[in-house]
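Every letter in the first sequence is one number past the one before it in the numbering used here, and letter 504, counting from 1, is 627. Where is the CB? At the ideal position from N, CA and C, for every residue including glycine. Since we're looking at a predicted model, the values are computed, not measured. The block underneath contains the structure these notes are about, expressed in structure tokens.
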Amino acid sequence: MTPSVHPNFKTHFAELLHQAASHITTLDTSIRIELARTKQADHGDYSCNLAMQLAKTLRKSPREVAQLLIDKIPASPYLERIEVAGAGFINLFLKHSAKQQYLHSILQSQAEFGNCHFGQGRKVQVEFVSANPTGPLHVGHGRGAAIGASLANILTAAGFNVSREFYVNDAGRQMDILTLSTWLRYLELNHIHVPFPENAYQGGYVKTMAQLIFQAHAERYVHHPDLLLEGIPANAHATATHTDEQLDQLIANAKNILGQDYAYIHNFVLTEQLGDCRNDLMEFGVEFDTWFSEQSLFDNGLVAHTIQLLEQKHYLYQQDGAIWFRSTDFGDEKDRVVQRENGQFTYFASDIAYHLNKFERGFEQVINIWGADHHGYIARVKGALQALELDPAKLEILLVQFAVLYRDGKKAPMSTRSGEFVTLRELRQEVGKDAARFFYVMRKSDQHLDFDLDLAKSQSNDNPVYYVQYAHARVCSVLAQWDGDVALLAKADTDALSSPAELALLQKLIDFPDTVEMAAKEFSPHLIAFYLRELASEFHSYYNSTRFLVPEIPLLHARLALIASIRQILNNGLRLLGVDAPDKM
RNA sequence: GCGCCCAUAGCUCAGCUGGAUAGAGUACCGCCCUCCGAAGGCGGGGGUCGCACGUUCGAAUCGUGUUGGGCGCGCCA
């Protein structure tokens, strides 16, 4: 991704202040020179609190220090004036010409405007969604998908080499339960009625998969039910209430009866569910570079190898027939089992191997996006990394709080157990991809999300998605009526842009690259959503106050260059969030 | 009981590693289409930043405690 060629005023002024300060004192490493955008116009465009930070060691008042710095600051083609204010702030005023000429950078860089090389090409992995392939994605997964995909886009724009990954839990017990469930439904289709366990998968999609198998292979997988019921108490069947152990017994029996065929059904349901999931996410604008199989960690011996490593480092011990990892050495509440009494590795064991593998693949930063209910899991995973002599700080875990759907002002009921959950697909069908993507990232990820379905659906000014998209469509409409060559606007004379509204809008456009960088630095896609709403708001206001299609050519071109730049940034920002920027609505 | 997250306008939320008079949206009230798209704009009221101490030139922001809410605490994933 090529960074755009715009000047960065923040870093430019920070460098000037650094030079000024070096004339006065030797800067302590603890002091960071940072420029902040001001809230009020009479405070200039940027302000710096460096003088306040230096005042103590220099034994001078902050205002005095500020004046000393101003006296020493080198000349700059972008700086209109610089002054001391308030308790010792240094306020900097950008030249109007600097703002006006900035439009040329935007219109030249186009889709690449806003990119930067903050990430310096470092390899980063974002792992997200990673839902069990045992049923359709629901609205909880949707938020993780939206946040993960947006964050990956933002990191890419900020100059990281990003890899998007979905961890496929294809090795566990849940897959076995799905396989069993499907086979039982298949037997039903063949008029063999075995009571369907309550704790098996109840969803209608299981019956659908059974039908597909039946259509393709007729009665090939039919077996006598007596063998299946072996070891299961009669009352469990009569009531269809099975304990976890009884369910496991059913699975074991199914494996015995079906032999090689078990693997076929297992593979079939996995492929079906994964395909459905991939398709669902693609329609949601979310794609992955890698679908990483948990099973492959076992097949390649990586799990066993990882456990061996921990053993060598003496972090494992045996107790109650199981093998435990001493995660309490790393601040976890209790030690954790990696290998069960029955010889099976736990999910945690393969997860350690998985994370070790991530770093072996050369990622310098690994970001996991998890549902908030997994937070208790962080300590043990980071502990395992430490035990393997990896830096746990290189693993960033973003916890995404739940989304609660509201309809008619009331909570829409959601329960995974009963199968009455709202799927991501249903949500998309109801409110559309764009509204869903935007609403999901409108809040900080660690903030609960109240998802107002009625608002997301409404085609009104209340709906923030339409509000932003409408601004984009409005610009398109004006440019279409102008009927000139938009490409020429990149070289237009922009000196005529001098009203307060126009200068404020120019500054808002200048803020975009900083916003993208901040969103990348803070792993915060919501900053983009907020920025877009603010930009759209300033544009709508400008639109109502100013006519663009005026007879005076210089003014006309200047204003069109401004709104074309606004359109470009709305487009770039929406693209980061996976939301379309329509020309017409 | 222990751990993590959260608490800011009636409601939903921003507020970046401490900075100037705490901001949006929404709801409510009043305005603006002979004019590039009214899916828009303008104006108005609305606050003890849960509470209490502390750190300092300065705290919504940092620390400790406390209250209230969410989530987690399996040889499940």
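Between A281 and G242, the C-beta spacing is below 8 Å.
Beta-bridge partners assigned by DSSP to E157: none are found. Judged by DSSP in its simplified three-state form, Y438 adopts coil rather than helix or strand.
Separation of the CB atoms of E203 and K183 is rounded to 27 Å, and the pair is thereby denied contact status at 8 Å. In the three-state scheme derived from DSSP, where H, G and I count as helix and E and B as strand, K218 is classed as coil. Ranked by Cα distance from Y593, the options I676, A704, A558, L578 are led by A704. By the CB criterion at 8 Å, L215 and L173 fall outside the cutoff. Taking the Cα of H347 as reference, the smallest distance to any Cα among H365, L612, L381 is reached at L381. Non-local beta-carbon contacts of S170 in its own chain, meaning distances under 6 Å to residues more than five positions away in sequence, involve A159, T161, F212, N214 in chain order. Runs of the alpha helix (DSSP H) lying entirely within the region 172-230 and spanning at least 4 residues, in chain order: 173-181, 185-195. DSSP places K631 within a helical segment (H, G or I) once states are collapsed to three. In the DSSP annotation of this structure, S568 is not part of any alpha helix (DSSP H), being labelled neither H nor E. The residues P677, H680, A681, in chain order, have a CB closer than 7 Å to that of D616 in the same chain once the five nearest residues on each side in sequence are set aside.
By alpha-carbon distance to F251, the top candidate from R266, G271, F471, G258 is G271.
Here D412 is near S286, since their CB atoms are less than 8 Å apart. Cβ neighbours of A221 within its own chain (closer than 6 Å, five residues either side excluded): Y201. Apart from sequence neighbours up to five positions away, the residues of its chain that approach W447 with a beta-carbon distance below 6 Å are Y440, D458, V460, ordered along the chain. Sequence-distant partners of D151 (beyond 5 residues in either direction) whose C-beta falls short of 8 Å from its own C-beta, in its chain, are T180. In summary, A363 is exposed, with fewer than 16 beta-carbon neighbours lying within 10 Å of its beta-carbon over all protein chains present. Rounded to the nearest angstrom, the Cβ distance from I147 to L192 is 7 Å, consistent with a contact under 8 Å. Residue pairing by DSSP places Q462 opposite I446, F468 in a beta bridge.
Judged by DSSP secondary structure, L274 falls within the alpha helix (DSSP H) whose first and last residues are 262-280. The Cβ atoms of A642 and I277 sit closer than 8 Å to each other.
V329 places its beta carbon 8 Å or farther from that of R343. Taking C-beta separations shorter than 6 Å and ignoring five residues to either side along the sequence, the partners of T257 in its chain run Q297, L301, following chain order. Distance from the CA atom of N313 to the CA atom of S304, rounded to whole angstroms, is 14 Å.
Taken through DSSP and simplified to helix, strand or coil, V527 comes out as strand. Contact between the region 669-676 and the region 556-570 is absent: fewer than three C-beta pairs spanning the two stretches fall below 8 Å.
Looking at the backbone, the Cα of Q396 and that of S416 are separated by about 14 Å. By the CB criterion at 8 Å, L658 and I692 fall inside the cutoff. DSSP, reduced to helix, strand and coil, places E235 within a helical segment of the structure shown. A straight line joining the alpha-carbon of K614 with that of D557 spans about 33 Å. Put simply, the region 387-406 does not touch the region 345-360. Fewer than three CB pairs are less than 8 Å apart. The three-state reading of DSSP puts L303 in helix, counting H, G and I together.
In the three-state reduction of the DSSP assignment, K614 falls in the helix class, which pools H, G and I. A687 and V598 do touch by the CB rule: their CB atoms are close to 7 Å apart, below 8 Å.
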